[in-house]
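A.B. asks:
Protein chains: 2
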Amino acid sequence: MYEVFQSYLNSKIKLSEDQSKYIQSLSTIKKLRKRQYLLQEGDIWKYNAFVCSGCLRTYSLDDKGYEHIIGFAIENWWLGDRESLLSGEPSRFNIDAIEDSQILLITKENFDKICQEIPPFNNMVNSILQHSFIASQNRIHAAISYSAEEKYLNFVNKYPALANRVPQSMIASYLGITPETLSRVRNQSVKKVK
Amino acid sequence: MYEVFQSYLNSKIKLSEDQSKYIQSLSTIKKLRKRQYLLQEGDIWKYNAFVCSGCLRTYSLDDKGYEHIIGFAIENWWLGDRESLLSGEPSRFNIDAIEDSQILLITKENFDKICQEIPPFNNMVNSILQHSFIASQNRIHAAISYSAEEKYLNFVNKYPALANRVPQSMIASYLGITPETLSRVRNQSVKKVK
DNA sequence: TTCATCCCTTGACATTTATCAATTGCTTTC
DNA sequence: GAAAGCAATTGATAAATGTCAAGGGATGAA
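Those protein sequences? They're chains Y and B, same order as listed. FYI, the working numbering numbers position 150 of the first sequence as 406, with every residue one higher than the one before it. FYI, the working numbering numbers position 113 of the second sequence as 369, with every residue one higher than the one before it.
In structure tokens:
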């Protein structure tokens, strides 16, 4: 399963065979079955994680026990709770598998070591962080500006790979609307297209 | 006005006098009057900007000409359009001054130079980016999970310095609600406290 | 001072979205 | 293969929020 990560890396930066082996030596693969937790509220998150296969979600639970989905991750996406990683505090989030998944884990310490020792890797990480930030700015924009229908269409447009892969109720939660509203919105959109 | 930035830097990292002078030599100060643009939709943004004094907002305009406020910035905050900076594309946003302001500007090229030549500076920048990302994750969480009232209370709690400084209508826009709704929400909150 | 502007508030009403409940069709599990 | 859950749909209704319109108070300019 390391190959998935390897080809990801190769698509982004140039590494010698030694460097690649070195990174591999600091990585571990974790297999998760559907519904299995990768991180549970209260745990402290200590890794940088990369999804080699499968699909996961990050979510929080409110007072009433409702789930609010913060994000999804599929193959070739990074994953984790940066807040807990950075602060060392227990996480407020849960991460679990929506499908059977395989995750590559690198501890914070090892990750920092790699960043220091392989500057191109560090640059890649920074670039990813920049892009993540921009993506979340765009999500904020959508959340405060769009109607339920626009939110859904925007989502499908941006993440077609997810739209047909995760349950609708989770997409609804991700968009901040109820499953019922999403169901109706989809129905109407279909009618409009006709 | 450089002193503001200097003390900010000193609070974060240790710099020699030479380094500090060097950074200063690559910085320029721009004065803005209230309502003046720092960036206009369609411009390409090429700086990292730091607010020395005053208050600004970043916003977009939708099809109907409504403003959607993406963010605020006051003294000791960083500011800019990372998307345009990174992509080199024209910005989709406007940035203008809510109060008379003074902004320190460093071009992307010079900024990168500083990052390369002064590793602690680079670390600081990364740490800021991390924190910005976490902050935007939290804003997303609020946007999809909270009612109008909760959004407002959360905002006041997190940014008390802004709550009494920027017009309510802008706060409403930032929260993704109408000014009228915000006005009613505040009224009700006051009553509840009594 | 007076006028004009801007921002906030308030009311009446419309629209959107949420909530609750029932039904159906699928998976999953035993 | 039957039973038990889970997801999606649909309807009826409620609640939250938006829209439109009017008015008032502060602030700044002439």
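All C-beta atoms, glycine included, are put in the ideal place defined by N, C-alpha and C. Small disclaimer: the values here were computed from a predicted structure and weren't measured.
Whose Cβ in chain Y lies nearer than 7 Å to the Cβ of Asn-366(B)?
C.D. replies: In chain order: nothing, as chain Y lies at least about 17 Å away.
A.B. asks: Just how far apart, CA to CA, sit Trp-333(B) and Phe-306(B)?
C.D. replies: 6 Å
A.B. asks: With H, G and I counted as helix, E and B as strand and the rest as coil, what does DSSP make of Lys-302(B)?
C.D. replies: coil
A.B. asks: Using only the alpha-carbon positions, how far apart do Glu-355(B) and Ala-329(Y) sit?
C.D. replies: 41 Å
A.B. asks: If you measure beta-carbon to beta-carbon, which residues of the segment 390-409 of chain B are closer than 7 Å to chain Y?
C.D. replies: Ile-390, Ser-392, Gln-393, Arg-395, Ile-396, His-397, Ala-399, Ile-400, Ser-401
A.B. asks: Can you tell me the Cα-Cα spacing of Glu-345(Y) and Glu-339(Y), whole angstroms?
C.D. replies: Straight across, the Cα-Cα distance linking Glu-345(Y) with Glu-339(Y) is about 8 Å.
A.B. asks: Looking at the structure shown, is Arg-313(Y) part of a helix, part of a strand, or coil, going by DSSP?
C.D. replies: Strand.
A.B. asks: I'd like to know whether the C-beta of Asn-385(Y) is nearer than 8 Å to at least one C-beta of chain B.
C.D. replies: The question names Asn, but residue 385(Y) in the sequence shown is Leu. Leu-385(Y) counts as touching chain B.
A.B. asks: Would you tell me roughly how many angstroms separate the C-alpha atoms of Pro-416(B) and Asn-443(Y), rounded to the nearest one?
C.D. replies: 43 Å
A.B. asks: Indicate whether at least one CB of chain Y lies closer than 8 Å to the CB of Gly-321(B).
C.D. replies: Cβ-Cβ to chain Y under 8 Å: no for Gly-321(B).
A.B. asks: Cβ of Gly-342(B) less than 8 Å from any chain Y Cβ?
C.D. replies: According to the sequence displayed, residue 342(B) carries Leu and not Gly. Yes, Leu-342(B) lies at the interface with chain Y (some Cβ there is under 8 Å from its Cβ).
A.B. asks: Suppose contacts are defined by Cβ-Cβ distances below 8 Å. Is Phe-349(Y) in contact with Leu-295(Y) by that definition?
C.D. replies: Yes, they are a contact pair.
A.B. asks: Could you spell out the range, first to last residue, of the beta strand (DSSP E) harbouring Gln-358(B)?
C.D. replies: 357-363
A.B. asks: Starting from Asp-318(B), find everything on chain Y with Cβ-Cβ shorter than 7 Å and list it in chain order.
C.D. replies: Ser-401
A.B. asks: In terms of residues, what are the limits of the alpha helix (DSSP H) holding Asp-352(B)?
C.D. replies: Careful: Asp-352(B) lies outside any alpha helix (DSSP H), inside the beta strand (DSSP E) at 350-353.
A.B. asks: Considering only DSSP beta bridges, list what Glu-273(B) is partnered with.
C.D. replies: Answer by DSSP bridge pairing: none, since Glu-273(B) is not bridged.
A.B. asks: Give the secondary structure of Lys-290(Y) by DSSP, where H, G and I count as helix, E and B as strand, and everything else as coil.
C.D. replies: coil
A.B. asks: Does the CB of Arg-338(B) have a neighbour CB from chain Y at under 8 Å?
C.D. replies: yes
A.B. asks: My output table needs one value for Glu-323(Y): the three-state DSSP class, helix, strand or coil.
C.D. replies: strand
A.B. asks: Give the straight-line distance between the Cα atoms of Asn-378(B) and Val-422(Y), rounded to the nearest whole angstrom.
C.D. replies: Those two C-alpha atoms are separated by around 38 Å.
A.B. asks: Output, in chain order, the set of chain B residues within a Cβ distance shorter than 8 Å of Gly-432(Y).
C.D. replies: Listed along the chain, the chain B residues whose CB falls inside 8 Å of the CB of Gly-432(Y) are Ala-399, Ile-400, Ser-401.
A.B. asks: What would DSSP say about Leu-295(Y), mapped onto helix, strand or coil?
C.D. replies: strand
A.B. asks: Taking C-alpha atoms, which residue in Leu-438(B), Arg-289(B), Tyr-303(B) lies nearest to Leu-312(B)?
C.D. replies: Arg-289(B)
A.B. asks: Once you ignore the five residues that flank Val-381(B) on each side, which residues in its own chain have a CB closer than 7 Å to its CB?
C.D. replies: Cys-371
A.B. asks: Which value, in whole angstroms, describes the spacing of the CA atoms of Asp-299(B) and Asp-352(B)?
C.D. replies: 13 Å
A.B. asks: What separation, rounded to the nearest whole angstrom, lies between the Cα atoms of Lys-407(Y) and His-397(B)?
C.D. replies: Straight-line measurement puts the Cα of His-397(B) at about 15 Å from the Cα of Lys-407(Y).
A.B. asks: Report the residue ranges of all alpha helix (DSSP H) runs contained in full by the segment 363-444 of chain Y; include only those spanning at least 4 residues, in chain order.
C.D. replies: 364-373, 375-401, 404-414, 416-419, 424-431
A.B. asks: How about Ser-388(B): is its C-beta nearer than 8 Å to some C-beta of chain Y?
C.D. replies: Residue-level contact check: Ser-388(B) touches chain Y, since one or more beta carbons of chain Y fall below 8 Å from its beta carbon.
A.B. asks: Using a 10 Å radius around the Cβ and a threshold of 16 neighbouring Cβ atoms, would you call Gly-321(B) buried or exposed?
C.D. replies: exposed
A.B. asks: Using 10 angstroms around the beta-carbon of Glu-436(B), count the other beta-carbons present and answer buried if the total reaches 16, otherwise exposed.
C.D. replies: exposed
A.B. asks: Between Ile-359(B) and chain Y, is any beta-carbon pair separated by less than 8 Å?
C.D. replies: no
A.B. asks: Mind checking Gln-424(Y): buried by the 16 CB within 10 Å criterion, or exposed?
C.D. replies: exposed
A.B. asks: What is the DSSP secondary structure of Leu-335(Y), reduced to helix, strand or coil?
C.D. replies: strand
A.B. asks: How many Å lie between Thr-434(Y) and Ser-445(B) at the Cα?
C.D. replies: Answer to the nearest angstrom: the Cα atoms are 26 Å apart.
A.B. asks: Measure the alpha-carbon distance for Ala-404(Y) versus Ala-399(B) and round it to whole angstroms.
C.D. replies: Cα to Cα, the separation comes out at about 13 Å.
A.B. asks: Report the CB separation of Ile-427(B) from Leu-438(B) in whole angstroms; it is logged as a contact under 8 Å.
C.D. replies: 7 Å
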